[in-house]
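Residue numbers (the numbering used here): 339 to 452.
Every residue gets a Cβ at the ideal spot worked out from N, C-alpha and C, and that includes glycine.
All values derive from a computational prediction rather than experimental measurement.
Quick look at the structure:
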């Protein structure tokens, strides 16, 4: 896995060598889509099957604050539609039990269906 969204070096290296890549949700969905498009172009240039590269994302979830279950599921649906197979989340409020319980009981089961 190679993490990053740099269009010239990083994504070219992903296309050339990686089995998986990780992109940053904090950059915004538009930039993530641009990075996916750039990765596909590098794959085409190198003769690599774009579909053989696993696409993952890294983001944050604040279930005790600004994010609701509905919000998180909508984000996951969007990422899935874009072609991401896994979402990795940082949970800044992990020291509280309620967000972890909510994530385990409400988000994970629904995410399996995406």
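Linking residue 380 to residue 414 through their CA atoms gives a straight-line distance of about 26 Å. As computed with DSSP, residue 397 is found in a beta bridge with 427. Contact between residue 394 and residue 418 is absent: CB atoms are separated by about 12 Å, not below the 8 Å threshold.
If you draw a straight line from the Cα of residue 341 to the Cα of residue 387, it is about 19 Å long.
In the structure shown, the three-state DSSP call for residue 422 is coil. Pairwise C-beta distances place the segment 432–446 in contact with the segment 390–407, as three or more of them are shorter than 8 Å.
Taking the Cα of residue 366 as reference, the smallest distance to any Cα among 356, 343 and 384 is reached at 343. Membership of residue 358 in the beta strand (DSSP E) is indicated by the continuous run 358–362.
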